[in-house]
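Chemist:
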Amino acid sequence: MDAIDRKILALLQADGRMTLTYLAGQVQLSVSRCQRRVRELERSGTIQGYRAIVDPELMGFGFEVIAFATLMQAGTVDEFDAAIAEVPEIVEAQRLFGEPDYLLRIVAVDRKSYQAFYDKTLTRLPGLRGLNSTFVMKQAVPSRPLPDLKAARGRTAS
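The sequence shown maps to residues 1 to 158 in UniProt numbering.
(1) Count the other CB atoms, across all protein chains shown, that sit within 10 Å of the CB of V107; report buried if there are 16 or more and exposed otherwise.
(2) With which residues is I66 paired in a DSSP beta bridge?
(3) According to DSSP, what are the bridge partners of L23?
(4) Return the Cβ separation of R105 and E86 in integer angstroms, given the expectation that the two are a contact with Cβ distance under 8 Å.
(5) By DSSP, does Q48 sit in helix, in strand, or in coil?
(6) Nearest CA to the CA of I90: which residue from K112, E57, E64 and L128?
(7) With DSSP as the reference, label V31 as helix, strand or coil.
(8) P100 and T70 look like a contact to me (Cβ under 8 Å); what is the Cβ gap, rounded to whole Å?
(9) Considering only the alpha carbon of each residue, which of F80, M72, L58 and A74 lies closest to V109?
(10) In the structure shown, what three-state DSSP assignment does I90 receive?
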């Protein structure tokens, strides 16, 4: 990956709907060369997809929860992963080192619907030993593009 690929990625993260012609102009490549680079970034898995960022509250999901899940034993990880992948209210899930085992980001209509979801769905997930939930007060930093790698390395250098 070179500087042009990094610039393509930065631009597409900022606006995934820009035209290929505009993108090519921004990185100073012909449209065909730019398209080849974008297709290669997609093929390699660097670009994993494109989607709209939607406001959950405007879609009726005004209640967001961060839940920390702890499993009974390591052998239940695959079953737990498969189960949470089938639950649409779990909009993000990350497996962690140590305890807890997972961080789950969950959306619900309101507190009452979350309580019903908790009782009927979350507590019945396979291999679950414990669940600790906290309600999101406000999104302080919205989902955003990845930082520039060189700049990030510069900030962490001692």
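Each residue gets a CB set at the ideal place from its N, CA and C atoms; glycine is no exception.
Modeler: On the basis of the supplied data:
(1) buried
(2) R105 and T134
(3) L23 is not bridged to any residue.
(4) 16 Å between Cβ atoms; not a contact.
(5) Q48: coil per DSSP, three-state reduction.
(6) E64
(7) helix
(8) 5 Å
(9) The residue with the shortest Cα to Cα distance from V109 is L58.
(10) In the structure shown, I90 sits in a strand (DSSP, three-state: E or B).
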